[in-house]
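Numbering (the working numbering), first residue to last: -17 to 635. Cβ atoms here follow ideal geometry from the backbone N, Cα and C, with glycine treated the same way. Quantities reported herein were computed from a predicted structural model and do not represent experimental measurements.
Have a look at this one:
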């Protein structure tokens, strides 16, 4: 356990040692025996919640935060085995990086007194999806309810795929359905990255021989295999079962989703029984087609399952996002069909009532009068029904756009508003203003453009390579905006950029471009860029700092350092001054930022600049550079962002 009174450097050393131990095989003489896990005093254990193949989940109460949590620990028999330890730590690390309602949040992670890992997470009360599917009691969920759960699974896995992570062990037992409707995809121990950040850990897991991780309460098709054939045979794609590591990607998860959908429709996954692994290895497209053809289920759902379960990965849907879209479209179609049925029933009822009235009128009216009245009544009913239907469709569309905007799905909200605008124009109903919908859509489009521009600038600025690559990206971007640095004057460039995006972010990008040019090409037009920044941002102290950067007046620079104390100066201003100092005295810039970080310790850019300066300014301090790089990573808005990467840090040392 760790305590708050220990030296932070000592804690960091213990953690590195523990993680090294967690990924190193042990001999039998080095195993520690069946000892009870000793957790921090803040956690009060309250009993076991679940027991899996290699881990145990305990309920606990966090006395510091005053909330109930779940604590996951390794079972003692596996704590000295490299494979299970690797899976355990992988699950904690990857799960903590996936910030989505469908992934259980990780609260804390640490090592006990034996340096065995543990982590805490949200305590969710409910049942596994496997238990829900097996429930055949009266009042149990219907297939439609199971599809709603399946859609939430697809949305969560789609989020993971979009962030370069595949699960590799999707099955109903690894999905928790909470008592209050939560749907959480659990057990990310076999997950891996598919992008350039793949770690050596992935290669180590995949190179191990196939081994079974037993679970005393698991059924035959629940058992997870570890090694080259990663996953659970009942839900495993052919390429996984055959150990074709290079072919395993998001499409392998799509196959598992298809097997889960098959179980929802038929009660059984794709492969079952004691020969599930052999069946998965030897599966053919013909066997898949025969299984799907024999289903007594909605043809649309059967088609989705077949497209997920194709033997050839190239014939499957490319990722879970496409499965999600197909399921959403199917459920939308069902809702539309139900709505049409309601309208038809109401129309039939209205028609019957009209017929009864007609029979009574025949007794009192002549044939001609009856015909006229019937025509008028029918027209009024038809027109009223049409208007009511259009108003309902418009109201539903506007509500959906509001929900999409609240979830941050701006592009989908824009599409919904565009469709709604067309409905209003076609209906001629004036209860909803076309101009209002158009204005809302335009505002959303502007927000999306601004957000994309800010993300672009943050990505370029947070590139640790300050050289030609950054300059090239700025030149290409601002050229697309119509900026001609050589031919245009400062005022002309500033006018061009006034409507480009959020002014403050544009100014920061212009300044970063200027300082990068000043360091790489001192004879370039970088002073003109600083004059453009002066026009867009006329804050006196900023104008003064840019002027000193341009002239190199050391007396004025020293005066600014004396006047602008970090305790009373905004971090943005301090960073601008540090960049100006760096042009003349890189070591002085580092000394100045060391004072700034004391007052602005939560500012990402302060840690980012310090990490760079410790890395490339003599005397080089690799440990300090890595410390600030880690702090910058923790503060970055994208949890997957890495400043130097593991290999870069080792070279830095």
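One or two residues paired with residue i in a DSSP bridge
i, result
"residue 216", "DSSP lists no partner for residue 216."
"residue 49", "44"
"residue 55", "38, 100"
"residue 174", "148"
"residue 90", "102"
"residue 160", "108"
"residue 166", "158"
Whole-number beta carbon distance between residue j and residue i, since they are thought to touch under 8 Å
i, j, result
"residue 262", "residue 223", "4 Å"
"residue 491", "residue 456", "7 Å"
"residue 106", "residue 125", "Going by Cβ atoms, the distance from residue 106 to residue 125 rounds to 24 Å, so no, they are not a contact pair."
"residue 151", "residue 213", "5 Å"
"residue 98", "residue 41", "The Cβ separation is near 19 Å, so there is no contact."
"residue 171", "residue 30", "That belief does not hold up - the Cβ atoms of residue 171 and residue 30 are roughly 19 Å apart, past 8 Å."
"residue 560", "residue 574", "5 Å"
"residue 165", "residue 84", "6 Å"
"residue 243", "residue 277", "Not quite, the Cβ-Cβ distance comes to about 10 Å (not below 8 Å), so this is no contact."
"residue 102", "residue 89", "4 Å"
"residue 293", "residue 329", "Their Cβ separation, rounded to whole angstroms, is 48 Å, which puts residue 293 and residue 329 out of contact at 8 Å."
"residue 37", "residue 56", "6 Å"
"residue 595", "residue 568", "7 Å"
"residue 509", "residue 532", "5 Å"
"residue 177", "residue 225", "Not quite, the Cβ-Cβ distance comes to about 22 Å (not below 8 Å), so this is no contact."
"residue 617", "residue 584", "7 Å"
"residue 514", "residue 453", "That pair is no contact at about 16 Å."
"residue 440", "residue 489", "With a Cβ gap of about 14 Å, residue 440 and residue 489 do not count as contacting."
Simplified DSSP assignment, three categories, for residue i
i, result
"residue 247", "helix"
"residue 104", "strand"
"residue 461", "helix"
"residue 292", "coil"
"residue 265", "coil"
"residue 500", "helix"
"residue 65", "helix"
"residue 450", "helix"
"residue 468", "coil"
"residue 456", "helix"
"residue 400", "helix"
"residue 32", "strand"
"residue 619", "coil"
"residue 25", "strand"
"residue 361", "Model confidence at residue 361 stands at a pLDDT of 48, short of 50, so the residue's coordinates are unreliable; what they give is reported in the following sentence. Residue 361 falls in the helix class under three-state DSSP."
"residue 596", "helix"
"residue 124", "coil"
"residue 303", "helix"
"residue 626", "coil"
"residue -12", "In this prediction, residue -12 has a pLDDT of 41, which is less than 50 and means its spatial position is unreliable; what the coordinates show is noted afterwards. Residue -12: coil per DSSP, three-state reduction."
"residue 326", "helix"
"residue 488", "helix"
"residue 139", "helix"
"residue 83", "coil"
"residue 513", "helix"
"residue 259", "helix"
"residue 506", "coil"
"residue 419", "helix"
"residue 585", "coil"
Neighbour-count burial assignment, residue i, 16 or more Cβ in a 10 Å radius
i, result
"residue 79", "buried"
"residue 174", "buried"
"residue 486", "exposed"
"residue 516", "buried"
"residue 374", "exposed"
"residue 156", "buried"
"residue 301", "buried"
"residue 619", "exposed"
"residue 443", "buried"
"residue 469", "exposed"
"residue 461", "exposed"
"residue 437", "exposed"
"residue 134", "buried"
"residue 601", "exposed"
"residue 162", "exposed"
"residue 547", "exposed"
"residue 169", "buried"
beta-carbon residue i near the ligand MG non-hydrogen atom, thresh 7 Å
i, result
"residue 332", "The model on display carries no ligand, and the ligand MG is accordingly not part of it."
message: Going residue by residue through the segment 536 to 576, where are the continuous beta strand (DSSP E) segments of at least 3 residues, counting only ones entirely within it?
response: Secondary structure remark: continuous beta strand (DSSP E) runs of at least 3 residues inside the segment 536 to 576: none found.
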